[in-house]
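Chains as they are written, first to last, in my numbering: chain A, 1 to 286; chain B, 1 to 339; chain C, 1 to 236.
Even for Gly, the Cβ is constructed at its ideal location relative to N, Cα and C.
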């Protein structure tokens, strides 16, 4: 059982980062990024291709992250312009549907051109025992990276001027304009950041299992579930939700079964919306 | 001309005309349905000998039926039910299981299955109203339902065959399994559904739908029971989906599996069809269904590129012709007439 | 004579195709305090929103410090030195008072001297430095909104009904503070329903009725005008 919980934390940390990427874009722009998983896998596939061409892991990863980031930047600078001109529910709906279209396009390209490309980063070395459970180095490295990324995000949002500006746009876009913050520039930055986070999650996931074109949809759905349970506008909420859902995921998979596990996670998301839409932490923080 | 009732968006919610409207306007209102039906009835005359083409055409009619039902739920009352496939699938799988395992007569199984779908759809609507959910949250909850349904099908191998699916025995010896007759059955279903849609549009219920879709608060204040009408739309639309799904299960290949009613296979296609044909319009679903079916067949060699194509259609149409082809063409006609 | 700091000519704006304000023209010189009086629905907020580009004007133009701001984006107008405190305040509810103030100075670094001044003028805020803006009382939120606008060291401050929801004592305090700021050179345009305070602060004013400017004159003239007295000063 402890093994399942520890595995759950490892998984949960990554789920958290996945959810944060989605939450950032929704909180910022009111756009539900239904292509998040596709973007993540895009990054992973780029890494895999580069490594296949002989590049070392670290530079390949950087290029992969740049690729997923660039993809979202392109979407923001082109298709999303029409969305930003709208406001309220129209904006949300239009953004959602357009991202669905983007998801299909990216998915289609990945399945068409790179159907069997799989990224699997093998971390050599013996397992290390934590609380009496043998954890693979891959899991531990993945967790370490995720925690480090989380800390960078915390420092950025809490202690930098631009991070404060991002939070201001999430909380009150009009107010942000009034104090001189350019929401368009903030949105572009966040899209790029979200792309990096998506790619990073795909890379860390690949340390414990292969990631390829058939993981796109499941990653998008997971990101959505985590973000919803986190409250859709709360970055810390997404992180907490991710860890909790990761533990639920592992415990349920271990004791019950895979398909039921997915249903349980989906039900968590639906219940959150119906019972407590502000999510696990409540409030509309940024 | 059907123009008057075609505009899906902002129009002032005026009460419907009094009962003393001349019968000619009734003919005009339903004429497009007959025209479309007549045109579509010609299909087997041309392609009736090719089994594969007729299978595709029949499936196209089934999707048209799904799209009309979705048009009632989303087009008329703005409830973003991203679970069209799951509702149709509830009808399909429930009917198959009831008929084959529980021994119900096929028609009875279909009715019961449709009631199941209706019930689920009604609950989704009711919860959305009670919790005052925004469109996006309705979308997410119904999407969760859709994916849960998919996982339920995959997980309960004993009942649903899991990943391999099940063969549906009931219906094998009816006309539903005859190539051309089954096409006409589904065409008939489409005609019935179109008639229901048109009748709803012209009724007091349809006026209430338009009122609450355009401005929910204003509708409430003028006495429209928003909750009741949204649940009504959700229930009726879901019943239609369930019945169509059940009919589909008992016909054609007599086989249903996880991909028969999945989000990617049903919901997305229906969405693209409606986007293309025109959300909220009468014939939009049919035009969209026919267009997409034909296009899919023409591009069959490029089936791999289908997701890219669907994605592009969604993007282009939502950026450009936001209301779809049918309203755009209707607008053109109206502009022409004024000259 | 130097050119006016704010120049509005023939401005019309509204919602859903209907103009709420029609052909508004006025000027504000550097250092002036001007008030715009009008009842609910007269168009005061619409006017401000059109100037600061929250609303797109249908006709007319605005010029701030020689720069045409008619079509300029809100955040750019803010950076030029035109600060606006809307009736809805638009504070950042989950950020602290300090963070809200610091954002007011964006993109520049907050000036400690200005921050100190804000806390001195609005004493209550100093006690609530680290509280989330969403938890403040109505009056405190109003003070914070003004303080945040001041952090950008604006040349011109527009305030939309700054005393809404404030107890009379607090309202007077706020206007006293605004008076100090006016004396130190800040140009102020304030829209009010609570006319006496505004007329005391401003040197002249305009009466906005049905989307157009009607009466105009110095504060004394307006205060002495029987129509103004009847409509806005509660004098029979």
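When 131(A), 156(A), 10(A) are compared against residue 144(A), the one with the closest alpha-carbon
The shortest Cα separation from residue 144(A) among 131(A), 156(A), 10(A) belongs to 10(A).
Does DSSP classify residue 16(A) as helix, strand or coil?
Of the three classes helix, strand and coil, the one that applies to residue 16(A) here is helix, per DSSP.
Confirm, please, whether the CB-CB distance from residue 254(B) to residue 125(B) is below 8 Å.
Not in contact: residue 125(B) and residue 254(B) (Cβ atoms no closer than 8 Å).
Relative to the C-alpha of residue 30(A), which residue among 155(A), 46(A), 191(A), 140(A) is closest?
Nearest C-alpha to residue 30(A): 191(A).
Kindly identify the DSSP beta-bridge partner or partners of residue 166(B).
According to DSSP, which records beta bridges pairwise, residue 166(B) is partnered with 256(B).
Contact under 8 Å by Cβ, residue 86(B) with residue 167(B)
No, these two residues do not count as a Cβ contact at 8 Å.
How is residue 140(C) classed by DSSP in three states: helix, strand or coil?
In the structure shown, residue 140(C) sits in a helix (DSSP, three-state: H, G or I).
Do the region 79-98 of chain B and the region 290-298 of chain B make contact, defined as three or more Cβ pairs closer than 8 Å?
At 8 Å Cβ cutoff, the stretches do not touch.
Kindly list, in the order they appear in chain B, the residues whose Cβ is closer than 9 Å to that of residue 98(A).
Those are 314, 315, 318, 319, listed as they occur along chain B.
So the alpha helix (DSSP H) residue 255(A) belongs to, where does it begin and stop?
From DSSP, the alpha helix (DSSP H) with residue 255(A) extends over 235-255.
Validate contact between the region 116-123 of chain B and the region 273-283 of chain B using beta carbons, cut 8 Å, 3 pairs
No: fewer than three Cβ pairs fall under 8 Å.
Thinking C-beta only, is residue 141(B) closer than 8 Å to residue 274(A)?
Their beta carbons are under 8 Å apart, which means residue 274(A) touches residue 141(B) by this criterion.
The region 185-205 of chain A in contact with the region 74-83 of chain A per 3-pair CB rule at 8 Å
With the cut-off at 8 Å, the region 185-205 of chain A and the region 74-83 of chain A touch.
Just to confirm, are residue 251(B) and residue 182(B) a CB contact at a threshold of 8 Å?
Yes, Cβ-Cβ distance for residue 251(B) and residue 182(B) is below 8 Å.
Could you spell out where the beta strand (DSSP E) holding residue 214(C) opens and where it closes?
Counting along the chain, the unbroken beta strand (DSSP E) around residue 214(C) starts and ends at 212-218.
What beta strand (DSSP E) runs, 3 residues minimum, are completely inside the region 24-58 of chain C?
As far as the region 24-58 of chain C is concerned, its whole beta strand (DSSP E) runs of at least 3 residues are 33-37.
Tell me the rounded alpha-carbon separation between residue 6(B) and residue 203(B).
Any reading at residue 6(B) needs caution, since the residue's pLDDT is 39, under 50, leaving its predicted position unreliable; the model's value is listed next. Taking the CA atoms as reference points, residue 6(B) sits about 15 Å from residue 203(B).
Closer than 8 Å, CB to CB, is residue 311(B) near chain A or not?
Using a Cβ-Cβ cut-off of 8 Å, residue 311(B) counts as an interface residue toward chain A, since at least one Cβ of chain A sits closer than that to its own.
Give a yes or no on whether the C-beta atoms belonging to residue 119(A) and residue 212(A) are separated by under 8 Å.
For residue 119(A) and residue 212(A), yes; Cβs fall inside 8 Å.
Opening and closing residue of the beta strand (DSSP E) in which residue 158(C) lies
Element bounds for residue 158(C): 156-160.
Using a Cβ-Cβ cut-off of 8 Å, state whether residue 87(A) counts as contacting chain C.
Interface flag for residue 87(A) against chain C is unset, since no Cβ pair is found closer than 8 Å.
From residue 107(B) to residue 246(B), what does the alpha carbon distance come to, in whole angstroms?
So the two alpha carbons sit approximately 9 Å from each other.
Just to make sure I have the definition right: I need the residues of chain A whose C-beta is within less than 8 Å of the C-beta of residue 304(B). Which are they?
By Cβ distance, chain A contributes 108, 111, 112.
Mind checking residue 241(A): buried by the 16 CB within 10 Å criterion, or exposed?
When all chains shown are included, residue 241(A) counts as buried.
Measuring CB atoms only, is the region 265-279 of chain A touching the region 214-233 of chain A, in the sense that at least three cross pairs come out at less than 8 Å?
Result yes; three or more Cβ-Cβ pairs closer than 8 Å.
Looking at C-beta atoms only, is the number of pairs between the region 192-202 of chain A and the region 88-103 of chain A that lie closer than 8 Å three or more?
Judged by Cβ distances under 8 Å, the region 192-202 of chain A makes no contact with the region 88-103 of chain A, as fewer than three pairs qualify.
Does residue 182(A) come within less than 8 Å of chain C when only Cβ atoms are used?
Look at residue 182(A): its C-beta is under 8 Å from a C-beta on chain C.
Which residues bound the beta strand (DSSP E) around residue 192(C)?
Note, residue 192(C): beta strand (DSSP E), 187-192.
Report the start-end ranges of each alpha helix (DSSP H) in the region 171-250 of chain B that is 4 residues or longer and not cut off at the edges.
As far as the region 171-250 of chain B is concerned, its whole alpha helix (DSSP H) runs of at least 4 residues are 179-202, 204-214, 216-221, 226-249.
Cβ of residue 43(C) within 8 Å of Cβ of residue 217(C)?
Not closer than 8 Å, so no.
To which residues does DSSP link residue 129(C) through a beta bridge?
Beta-bridge pairing links residue 129(C) to no other residue.
Under 8 Å, Cβ to Cβ, is there at least one residue of chain A near residue 111(C)?
Not flagged as an interface residue toward chain A: residue 111(C), since no C-beta distance is shorter than 8 Å.
Have a look at 4(A), 23(A), 2(A), 48(A) and flag the residue whose alpha-carbon is nearest the alpha-carbon of residue 239(A).
Nearest neighbour of residue 239(A) by Cα position, chosen from 4(A), 23(A), 2(A), 48(A), turns out to be 23(A).
From the beta carbon of residue 141(B), is the nearest beta carbon of chain A less than 8 Å away?
Yes, residue 141(B) counts as interfacial toward chain A.
Could you give the residue range of the beta strand (DSSP E) that holds residue 135(A)?
Per DSSP, the continuous beta strand (DSSP E) segment holding residue 135(A) begins and ends at 133-135.
C-alpha gap between residue 11(B) and residue 272(B), whole angstroms:
A caution first: residue 11(B) carries a pLDDT of 38, below 50, which makes its placement in the model too unreliable to give a value.
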